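Student: Residue numbers (our numbering): 649 to 932.
1. Is it true that the region 717 to 733 meets the region 700 to 707, where meeting means three or more beta-carbon pairs spaced less than 8 angstroms apart?
2. According to DSSP, is residue 921 part of a helix, a strand, or is it coil?
3. Please confirm if the region 803 to 818 is in contact with the region 874 to 890, defined as three or more CB-CB distances below 8 angstroms between the two stretches.
4. Return helix, strand or coil for residue 699, following the three-state DSSP convention.
5. Can you have a look at residue 755 and say buried or exposed, based on whether 16 or more other CB atoms are within 10 angstroms of its CB?
6. Under the three-state reduction of DSSP, which class applies to residue 830: helix, strand or coil?
7. Compute the Euclidean distance between the alpha carbons of residue 738 and residue 692, then round it to the nearest angstrom.
8. Exposed or buried, which one is residue 857 when buried takes at least 16 other CB atoms within 10 Å?
9. Kindly indicate which residue of 751, 742, 661 and 806 has the alpha-carbon position closest to the one of residue 785.
10. Less than 8 angstroms between the C-beta atoms of residue 826 and residue 863, yes or no?
11. Among residues of its own chain, excluding the 5 on either side of residue 781, which ones have a beta-carbon nearer than 8 angstroms to its beta-carbon?
12. Can you look up residue 688 in the DSSP assignment and give me helix, strand or coil?
13. At a cut-off of 7 angstroms, would you count residue 676 as near the ligand SAM, judging by its Cβ distance to the nearest heavy atom?
14. Let me know the secondary structure DSSP gives residue 654 once reduced to three states.
15. Output yes or no for whether 8 angstroms exceeds the beta carbon distance between residue 667 and residue 740.
16. Please list, in chain order, all residues of the same chain as residue 874 whose beta carbon is under 8 angstroms from its beta carbon, the five residues on each side excluded.
17. Shorter than 8 angstroms from the beta carbon of residue 826 to some beta carbon of chain D?
18. Do residue 670 and residue 736 count as a contact pair if the criterion is CB distance below 8 angstroms?
19. Buried or exposed for residue 724, please, with buried defined as at least 16 other CB atoms from any protein chain shown within 10 angstroms of its CB.
20. Where does the unbroken alpha helix (DSSP H) through residue 768 begin, and where does it stop?
21. Quick check: what's the CA-CA separation for residue 759 versus residue 749?
22. Starting from the C-beta of residue 771, find all residues in its chain whose C-beta is less than 6 angstroms away, skip the five residues before and the five after it, and write them out in chain order.
23. Three-state secondary structure (DSSP) at residue 842?
24. Where does residue 761 fall in DSSP's three states?
25. Considering only their Cβ atoms, is the gap separating residue 903 from residue 876 smaller than 8 angstroms?
26. Which stretch, first to last residue, makes up the alpha helix (DSSP H) that contains residue 716?
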């Protein structure tokens with residue numbers, strides 16, 4: 649363990665480790681907190697509501713990230729790894745609070761406890777996976793490859809490096825808009841995943857489907873059918889496990905309950921509002 653910590657410190661990754669620790673602790677804390685608040689546990693502090701207005705915890709996350717991020721920039725040259733590790737911990741806590749409400753930001757709607765709210769959990773686990781890969785020395789293809797940019801004075805080579813980084817980001821953004829969070833973020837490390845994610849159909853409830861498929865019923869139908877085919881084995885396994893725990897496993901019940909669950913959770917995105925529609929209010 650000491651050898652690994654020494655290796656991380658030698659390669660300047662100690663702040664990244666503390667970011668990961670702060671991120672995980674912050675996420676676990678806020679998930680426990682919101683469940684205690686929802687259960688109306690008396691001894692647990694409730695929502696922050698100054699003047700009757702509920703303040704989302706994403707706000708505290710943004711403030712924490714901004715404060716620690718500015719401090720990290722301020723001590724970038726003269727600061728020690730210890731200082732960086734402390735600030736990175738707070739940055740990780742803030743990032744956890746923000747990503748816990750990723751679905752709210754992504755869908756611009758109150759979906760924290762809804763099926764779409766799972767996007768927040770996906771985003772959190774993707775962030776953890778990406779951080780772990782960075783800890784082990786992996787880097788997103790071209791995105792962080794600045795050594796070639798610095799070493800080669802040829803404008804054409806530098807332009808190519810910048811172009812590849814831009815293509816990576818654009819494809820990742822497209823894949824994320826299609827609702828494929830894991831594919832989009834992990835694809836920064838494995839470029840072919842971005843190509844596959846950009847070509848394949850969007851998830852039916854994603855913003856891309858809302859903008860592009862609501863006027864193309866056949867494509868939306870294909871997206872719904874594909875989503876059900878992907879999720880069907882997972883839901884069957886979940887229901888079978890629940891039945892096993894309850895002591896009443898039944899194949900017919902599993903098959904029937906799976907289709908009911910798919911019909912309930914796999915739905916098409918609503919059409920985008922027209923210019924005359926009022927903007928939806930977001931509240932939790």
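All C-beta atoms in this analysis are idealised placements derived from N, C-alpha and C, irrespective of residue type, glycine included.
Bear in mind the structure is a predicted one, so any value in this text is a computation, not a measurement.
Tutor: With the structure as the only source:
1. no
2. Against the chain shown, residue 921 aligns to sequence position 273. Coil.
3. no
4. Counting from one through the chain shown, the residue named residue 699 turns up at place 51. In the structure shown, residue 699 sits in a helix (DSSP, three-state: H, G or I).
5. The sequence position of residue 755 within the chain shown is 107, counting from 1. Burial call: buried.
6. The residue you call residue 830 lines up with position 182 of the chain shown. Helix, per DSSP.
7. Taking the chain shown and counting its residues from 1, one reaches residue 738 at position 90. Taking the chain shown and counting its residues from 1, one reaches residue 692 at position 44. Going from the Cα of residue 738 to the Cα of residue 692 covers about 23 angstroms.
8. Residue mapping note: residue 857 aligns to position 209 of the chain shown, counting from 1. Buried.
9. Locating residue 785 in the chain shown gives position 137, counting from the first residue. The shortest Cα separation from residue 785 among 751, 742, 661 and 806 belongs to 661.
10. Within the chain shown, numbered from 1, the residue matching residue 826 stands at position 178. Within the chain shown, numbered from 1, the residue matching residue 863 stands at position 215. It is not a contact, given that the beta carbons lie outside the stated cut-off.
11. The residue you call residue 781 lines up with position 133 of the chain shown. Excluding residues within five positions, the ones whose Cβ falls inside 8 angstroms are 837.
12. Walking along the chain shown from the start, residue 688 turns up at place 40. Coil.
13. Among the components of this structure there are no ligands whatsoever, and the ligand SAM is therefore not found.
14. Your numbering for residue 654 matches position 6 in the chain shown. In this structure, residue 654 counts as helix in the three-state DSSP scheme.
15. The residue you call residue 667 lines up with position 19 of the chain shown. The residue you call residue 740 lines up with position 92 of the chain shown. Their beta carbons are under 8 angstroms apart, which means residue 667 touches residue 740 by this criterion.
16. Walking along the chain shown from the start, residue 874 turns up at place 226. So the list reads 849, once near-sequence residues are dropped.
17. Absence of chain D from the displayed structure is noted, only one protein chain being present.
18. Here residue 736 corresponds to residue number 88 of the chain shown, with the count starting at 1. Here residue 670 corresponds to residue number 22 of the chain shown, with the count starting at 1. Yes, the Cβ-Cβ distance between residue 736 and residue 670 is below 8 angstroms.
19. Here the question's residue 724 lines up with position 76 in the chain shown. Residue 724 is exposed by the Cβ-count criterion.
20. The residue you call residue 768 lines up with position 120 of the chain shown. Start and end: 766 to 783.
21. Counted from its first residue, the chain shown places residue 759 at position 111. Counted from its first residue, the chain shown places residue 749 at position 101. Those two C-alpha atoms are separated by around 9 angstroms.
22. Walking along the chain shown from the start, residue 771 turns up at place 123. Excluding positions up to five away in sequence, the list reads 747, 750 and 829.
23. Taking the first residue of the chain shown as position 1, residue 842 is located at position 194. Looking at residue 842 - three-state DSSP - the assignment turns out to be helix.
24. Here the question's residue 761 lines up with position 113 in the chain shown. Reduced to three states, the DSSP call for residue 761 is coil.
25. Working through the chain shown from its first residue, we reach residue 876 at position 228. Working through the chain shown from its first residue, we reach residue 903 at position 255. Result no, Cβ atoms of residue 876 and residue 903 do not sit closer than 8 angstroms.
26. For the purposes of this step, residue 716 is taken as the residue at position 68 of the chain shown. Residue 716 -> alpha helix (DSSP H) spans 705 to 722.
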